[in-house]
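**Q** Pasting in a structure now, in structure tokens, and then I'll have a few things to ask.
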Amino acid sequence: MEIDVKRVSDLARIRLSSEEMLAMERDLLSILRHAENLKEVDVSNVSPTFGLARPASSLLEADVPGPTLNRDTVLGLFPASKDGSALVPKEAPGETREGVV
Amino acid sequence: MTLEIWELPAREIVKQVRSGEVWAREIAESYFARIRETDPAIRAYLAVLESEARVQAAKIDDAVRKGEDPGILAGLPCAVKDNISLQGVPCTCASKILEGYVSPYDATAVRRMRREGAIFTGKTNLDEFAMGSSTQNSAFFSTRNPWDPERVPGGSSGGSAAAVAAGMAAVALGSDTGGSIRQPAAYTGIYGLQPTYGRVSRYGLVAFGSSLDQIGPFGQSVWDCALLLEVISGHDPSDVTTSDRPVPPFTKRLERSVKGLRAGVPKELSGLKVSLGVKEAFVRALSVLADLGVIIEETSLPAVRYALDTYYIIAASEASSNLARFDGVRYGLSHRGRSLAEMYAETRGQGFGKEVRRRIMLGSFALSADHYDDSYLRAAKIRTLVRRDFDEAFQTYDVLLSPTTPDVAYRLGEKTRDPMAMYMDDVLTVPVNLAGIPALSVPCGFVAPSRTRTGPEAGNSSEAGCQELPCGLQIMGRSFDEETVLALGYALESEMGDHTMKRTAAMRQRLAGLKEREHVG
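So the protein sequences, as listed, match chains A and B.
Just so we're aligned, residue 0 is where the first sequence starts under numbering that gives the first Met the number 0, counting upward by one.
Just so we're aligned, residue 0 is where the second sequence starts under numbering that gives the first Met the number 0, counting upward by one.
Given below as structure tokens:
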């Protein structure tokens with residue numbers, strides 16, 4: 000069994016040092032090797048269980064306005080804000096300064 | 000000898016506050032004094048909320064003075080696991096990535112308890128994002144087991160369990176994704192309930208595995224768990240997975256006769272993996288139940304032997320998706336890089352601890368196009384087989400019984416090297432989450448730690464302080480049949496609870512001594 004740890008860390012958007020990569024590879028292999036025994040189960044004609052929700056008899060809500068969070072509370076959740084807006088990195092090409100949304 | 004206020008059972012606290020015999024303020028002060036005395040040695044709390052609690056206590060006392068109803072939890076001190084939101088209070092999930100984040104709202108379970116007069120003593124330690132079974136994966140510090148501070152309290156709700164066991168909270172809220180309420184309850188000698196999936200709203204609980212997570216209560220008796228469950232259960236428009244089934248008055252149904260109840264003991268859950276001591280305690284508890292007229296038979300859940308691996312693939316997959324929101328744009332920590340992608344990777348690489356990174360990576364692997372069919376999808380299908388086994392067993396049996404954990408609490412620092420060794424701890428609890436059924440852990444005896452699992456150094460050090468550690472019996476029930484689960488737990492407690500209570504009182508005395516020793520040293 001092999002695992003491309005670099006690729007998985009890119010997918011997971013997690014930066015790892017080369018040392019951490021090695022340890023991660025060892026750990027993931029240990030978990031995945033243990034899980035190899037799942038391959039012996041016959042799952043043909045078995046439908047998957049993705050969730051267990053037994054939703055309420057009606058999912059429709061009454062269309063009435065309720066309280067919401069105020070602007071300051073919401074902005075307080077962001078690491079940075081400016082002039083009543085959240086501050087996020089600008090992704091437009093050619094510019095590196097921070098932009099606002 | 001007169002009892003300190005913090006030694007009163009929850010039932011007595013609520014009764015006395017409601018009737019005006021004692022002020023909520025006095026209750027709160029007694030608990031905060033106990034926390035100051037005991038928590039330096041146990042470290043159950045990440046934050047103690049003294050001033051908030053005083054405001055709430057004053058409100059309750061005011062209501063009592065005016066002759067208004069202060070609620071059915073009036074003055075009850077409750078600790079809250081730090082992945083459950085309390086408005087205006089930091090919620091860290093014991094992670095560096097959320098440092099500085101303050102919850103803008105109450106979780107529904109918290110809101111309902113607050114309305115009924117509960118007092119929130121503080122936020123308790125956990126394995127980062129509830130990923131772990133020992134509370135050693137906290138980014139801040141490890142919590143200690145009050146029965147032996149050299150040992151883990153279990154996890155991931157280890158702080159909540161330790162707080163209740165040590166008398167630093169009357170009750171507590173935890174969350175259970177693969178055993179995170181039941182396992183620490185067993186390790187600390189208290190009661191812990193995993194409700195049916197959909198019974199309790201997850202609104203305000205920081206998501207780990209959304210198809211597995213449930214909020215549930217810890218208590219010093221089955222009655223405590225039943226009372227909390229009554230309050231926190233029920234449909235919530237903010238969580239569409241909650242059921243709108245009526246919520247029974249659980250506390251009023253506890254004394255139901257258990258005579259003639261049919262209990263199955265799945266051989267896969269009491270077999271080789273369980274230590275000799277725990278097995279003996281389990282068998283003794285079974286004979287107590289048999290004496291009460293419970294019909295006990297061995298049964299089989301064949302697919303359960305695949306439950307652990309199935310669970311880890313599903314939980315990690317869901318975690319990798321849920322934790323994608325921690326990106327450096329929102330919430331606390333942000334390492335700004337030259338590009339958005341760099342910011343994500345840096346923030347997440349530095350903000351998440353080892354176990355969380357491991358699970359997100361495992362989930363990303365299982366959900367990646369090349370491996371999806373053979374890992375995530377296969378696990379989701381095996382989950383169906385596990386559910387089918389339970390469904391079939393519940394056609395014959397009213398409940399299923401097993402030990403809650405394979406062994407008693409282990410030493411701090413053990414099992415931290417190999418993730419698989421740690422995961423094995425959950426082998427008896429994860430099947431319940433895959434099936435979404437309710438399960439209660441009830442203290443069922445005290446057992447000497449097994450030497451085979453504690454290494455050559457076992458036998459010295461802290462054994463002198465605590466020769467025996469608590470273990471638990473797990474009662475599993477049909478979906479939405481917490482009533483039967485609680486009634487059987489109550490029957491077992493009526494037989495064995497006095498012994499547990501006496502040993503707990505002695506343990507709590509020892510904790511006071513521990514603090515004194517620290518002063519001398």
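Yeah, the Cβ is synthetic: ideal placement off N, Cα and C, and Gly gets one too.
Computed from a predicted structure; not experimentally measured.
Give the DSSP-derived three-state secondary structure of aspartate 290/B in the structure shown.
**A** Of the three classes helix, strand and coil, the one that applies to aspartate 290/B here is helix, per DSSP.
**Q** Rounded C-beta distance between glutamine 473/B and proline 405/B? I'm assuming under 8 Å.
**A** Wrong, their Cβ atoms sit about 12 Å apart, outside the cutoff.
**Q** Proline 145/B and alanine 164/B - do their beta-carbons sit closer together than 8 Å?
**A** Their beta carbons are under 8 Å apart, which means alanine 164/B touches proline 145/B by this criterion.
**Q** Is the separation between the beta-carbon of threonine 134/B and that of serine 200/B shorter than 8 Å?
**A** Not in contact: threonine 134/B and serine 200/B (Cβ atoms no closer than 8 Å).
**Q** Using beta carbons (cut-off 8 Å, strictly below), is serine 17/A in contact with chain B?
**A** No, serine 17/A lies away from the interface with chain B (no Cβ there is under 8 Å from its Cβ).
**Q** Over what stretch of residues does the beta strand (DSSP E) that includes valine 264/B continue unbroken?
**A** Its beta strand (DSSP E) spans residues 261-265.
**Q** Would you list, in chain order, the members of the segment 185-205 of chain B that have their beta-carbon closer than 7 Å to a beta-carbon of chain A?
**A** Listed in sequence order: Tyr196 and Gly197.
**Q** With a CB to CB cut of under 7 Å and the five nearest residues on each side skipped, what residues in its chain are close to serine 80/A?
**A** Closer than 7 Å at Cβ, skipping near neighbours: Leu74 and Leu86.
**Q** Report the partner residues of cysteine 77/B according to the DSSP bridge assignment.
**A** DSSP lists Phe119/B and Val170/B as partners of cysteine 77/B.
**Q** Check whether chain B comes within 8 Å of glycine 75/A, counting only Cβ atoms and requiring the distance to be less than that.
**A** Glycine 75/A counts as touching chain B.
**Q** Taking C-beta pairs closer than 9 Å, name the residues in chain A that arginine 255/B reaches, listed in chain order.
**A** The premise fails here: arginine 255/B is roughly 25 Å from chain A at the closest Cβ pair, so nothing lies under 9 Å.
**Q** Express the C-alpha separation of leucine 268/B and proline 189/B in angstroms, rounding to a whole number.
**A** Before going further, note that residue 189/B is isoleucine rather than proline in the sequence given. Spanning the two alpha carbons is a distance of roughly 21 Å.
**Q** Could you tell me the boundaries of the alpha helix (DSSP H) in which cysteine 224/B lies?
**A** First-last of the alpha helix (DSSP H) with cysteine 224/B: 221-231.
**Q** If you compare alpha carbons, which of Val398/B, Asp38/B and Thr120/B is closest to glycine 512/B?
**A** Among Val398/B, Asp38/B and Thr120/B, the Cα nearest to that of glycine 512/B is on Asp38/B.
**Q** Output the boundary residues of the beta strand (DSSP E) element that contains alanine 438/B.
**A** That run of the beta strand (DSSP E) goes 438-446.
**Q** Give me the residue from Pro448/B, Arg64/B, Leu260/B and Ser132/B with the minimum Cα distance to alanine 177/B.
**A** Residue 177/B is actually glycine in this sequence, not alanine. That would be Ser132/B, whose Cα lies nearest to the Cα of glycine 177/B.
**Q** Are the C-beta atoms of valine 87/A and some chain B residue less than 8 Å apart?
**A** Yes, its Cβ sits closer than 8 Å to a Cβ of chain B.
**Q** Curious, which full-length alpha helix (DSSP H) runs of at least 4 residues does the segment 132-217 of chain B contain?
**A** Fully enclosed alpha helix (DSSP H) runs of 4 or longer: 157-164 and 181-187.
**Q** Taking phenylalanine 128/B as the query, report the chain A residues whose CB atoms sit under 8 Å from its CB, ordered along the chain.
**A** Simply none; closest approach about 14 Å.
**Q** Would you mind working out which of Gly19/B, Glu20/B and Tyr30/B sits nearest isoleucine 4/B, comparing C-alpha positions?
**A** Among Gly19/B, Glu20/B and Tyr30/B, the Cα nearest to that of isoleucine 4/B is on Tyr30/B.
**Q** Could you check whether the Cβ of proline 64/A sits closer than 8 Å to any Cβ belonging to chain B?
**A** It does not; no Cβ of chain B falls within 8 Å.
**Q** Whose CA, out of Ala108/B, Leu384/B and Tyr375/B, lies closest to the CA of leucine 228/B?
**A** Closest by alpha carbon: Ala108/B.
**Q** Distance, Cα to Cα, aspartate 96/B vs isoleucine 118/B?
**A** The residue you asked about is not aspartate; residue 96/B is isoleucine in the sequence shown. Spanning the two alpha carbons is a distance of roughly 28 Å.
**Q** Please go through the same chain and pick out, in chain order, the residues whose beta-carbon is closer than 7 Å to the beta-carbon of glycine 521/B, but skip the five residues on each side of it.
**A** Given a span of 0 to 520 for chain B in the structure shown, any question on residue 521/B remains unanswerable.
**Q** Closer than 7 Å by C-beta to arginine 382/B: which residues in its own chain qualify, once you throw out the five before and the five after it? Chain order, please.
**A** Here the set comprises Thr309, Ile313 and Leu433.
**Q** Less than 8 Å between the C-beta atoms of valine 16/B and alanine 73/B, yes or no?
**A** Taking 8 Å as the Cβ cut-off, valine 16/B and alanine 73/B qualify as a contacting pair.
**Q** Taking aspartate 71/A as the query, report the chain B residues whose CB atoms sit under 9 Å from its CB, ordered along the chain.
**A** What aspartate 71/A touches in chain B: nothing, since even the nearest Cβ is about 10 Å away.
**Q** Helix or strand or just coil, what does DSSP make of arginine 410/B?
**A** Three-state result, arginine 410/B: strand.
**Q** Taking only beta carbons into account, state which residues of the segment 161-185 of chain B come closer than 7 Å to chain A, listed in chain order.
**A** Those residues of the segment 161-185 of chain B that come within reach of chain A (Cβ to Cβ, closer than 7 Å) do not exist; the list is empty.
**Q** On the three-state DSSP scale, how would you describe proline 47/A?
**A** If DSSP states are grouped into helix, strand and coil, proline 47/A belongs with coil.
**Q** Name, please, each residue of chain B whose Cβ falls closer than 8 Å to the Cβ of serine 46/A.
**A** Residues of chain B passing the Cβ test: Lys380 and Thr383.
**Q** Going by beta carbon distance, what residues of the same chain come within less than 6 Å of arginine 150/B, once the five residues before and after it are set aside?
**A** Asn144, Ala408 and Arg410, listed in sequence order.
**Q** State yes or no: is the beta carbon of arginine 249/B nearer than 8 Å to at least one beta carbon in chain A?
**A** Note that residue 249/B is phenylalanine in the sequence shown, not arginine. No, phenylalanine 249/B lies away from the interface with chain A (no Cβ there is under 8 Å from its Cβ).
**Q** If the cut-off is 7 Å on Cβ atoms, which residues from the segment 411-444 of chain B count as contacting chain A, listed in chain order?
**A** Hits within the stretch, in order: Asp417, Pro418, Met419 and Gly435.
**Q** Can leucine 58/A and valine 239/B be called in contact, C-beta distance under 8 Å?
**A** Yes.
**Q** Going by CA-CA distance only, name the one from Gly435/B, Glu354/B, Ala27/B and Met342/B that's closest to phenylalanine 325/B.
**A** Cα-wise, what sits closest to phenylalanine 325/B is Met342/B.
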